[in-house]
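What follows is one structure encoded as structure tokens, with my remarks underneath.
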Amino acid sequence: MNILKQQQKTLGELLINSGIINKEQLDAALKEQKNTEEPLGKILVRMGFAKEEDIINVLKGMLVVIFEINNESFGIEIIFTKEIIKYKKIVQIPTMPKYIKGMISIRDNVIPVISLNQIIHKKEDVITEDTRIIIVEKKNDEVGILVDKVIAVKNFHANDFEDLSKSSISAEKKYMAGIIKDQDKVITLIKSEFLFLGKFNE
């Protein structure tokens, strides 16, 4: 799977997640689109909600949710991210490995929660006001990942990303798809498929 594949979410969702427009602006542009049948991007520019260069950058880039675990920066592509919720009580399941924190219920949907801190650092999670659960989905499967805090949602260009999925580093660190260079910071991009393996220590 190409990590840099074109985003599958709509242009409006991508622009909102990038912080370029808000929902009210998108709704206004969609209403205008019904009357004019113009491309959404063109309408957003004409209405002054977005710049043409912003739209181009979003479409050719990669949107990533950046989060922190044990003072390290990680990221996951937003196309795999369903939602981010505040920490809520997790129902523990006896005899499960330490990295499986338990189950949570969201709108009558029961979702397993895993700890990347346990998987990567073999450390216990410290729950604070900043703790979040990122709900990741793929092919109708969902899993929650427990993180110390969510930093931002940011758009990156292809040249910011170094693919390590076939390198010896990735063979050792199976969770790593690559790294993203963000100014003076390095962000480890998590493989979405890794989160659905079910077994992480083998």
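In the working numbering, the protein residues as written are 3 to 204.
Even glycine gets a Cβ: it sits at the ideal position worked out from N, Cα and C.
Remember, it's a predicted structure, so these values are computed and weren't measured experimentally.
Close-in-space but distant-in-sequence residues of the same chain around residue i (CB under 6 Å, 5 per side omitted)
| i | result |
| --- | --- |
| valine 93 | Gly104, Met105 |
| lysine 151 | Glu70, Asp132 |
| isoleucine 86 | Arg134, Ile136, Val152 |
| leucine 46 | Ala31, Ala52 |
| leucine 197 | Val138, Val145 |
| serine 107 | none |
First through last residue of the alpha helix (DSSP H) which encompasses residue i
| i | result |
| --- | --- |
| aspartate 143 | No alpha helix (DSSP H) contains aspartate 143, which is instead part of the beta strand (DSSP E) from 143 to 149. |
| glycine 43 | 42 to 48 |
| glutamate 15 | 13 to 19 |
Cβ-Cβ distance between residue i and residue j below 8 Å
| i | j | result |
| --- | --- | --- |
| valine 138 | lysine 84 | yes |
| glutamate 195 | glycine 180 | no |
| glutamate 162 | leucine 148 | One point to set straight first is that residue 162 is aspartate, not glutamate, in the sequence displayed. Cβ distance not < 8 Å, so aspartate 162 and leucine 148 don't count as in contact. |
| isoleucine 182 | isoleucine 78 | no |
| asparagine 142 | isoleucine 80 | no |
| isoleucine 129 | isoleucine 116 | no |
| phenylalanine 82 | lysine 175 | no |
Cβ of residue i within 8 Å of any chain B Cβ
| i | result |
| --- | --- |
| lysine 25 | Among the chains in the structure shown there is no chain B, since it carries only a single protein chain. |
Cβ shell of residue i (< 7 Å), same chain only, five flanking positions each side left out
| i | result |
| --- | --- |
| lysine 100 | Gln120 |
| lysine 7 | With a pLDDT of 35 at lysine 7, under the threshold of 50, the modelled position of this residue cannot be trusted, and the question is left open. |
| phenylalanine 158 | Gly63, Met64, Val66, Ile182 |
Residue span of the beta strand (DSSP E) that contains residue i, given as start and end
| i | result |
| --- | --- |
| alanine 31 | Run containing alanine 31: none in the beta strand (DSSP E); it sits in the alpha helix (DSSP H), 25 to 38. |
| glutamate 139 | 134 to 140 |
| leucine 191 | 187 to 192 |
| phenylalanine 163 | 163 to 165 |
| lysine 183 | 178 to 184 |
Own chain residues within Cβ distance below 8 Å of residue i, not counting five before or after
| i | result |
| --- | --- |
| lysine 206 | The chain is shown only over 3 to 204; residue 206 falls outside these bounds and no answer can be derived. |
| methionine 49 | Gln27, Ala30, Ala31, Glu34 |
| proline 96 | none |
| leucine 166 | Ser172, Met178, Ala179, Gly180, Ile181 |
| asparagine 111 | Glu144 |
Problem set entry | Inter-stretch contact (C-beta, 8 Å, three-pair minimum) for the region 36 to 43 and the region 64 to 78 | no
Exercise. Quick one: any contact between the region 119 to 126 and the region 20 to 28, if contact means 3 or more CB pairs under 8 Å?
Worked result: no
Problem set entry | Unbroken stretches of the alpha helix (DSSP H), 4 residues or longer, contained in the region 47 to 128 | 54 to 62
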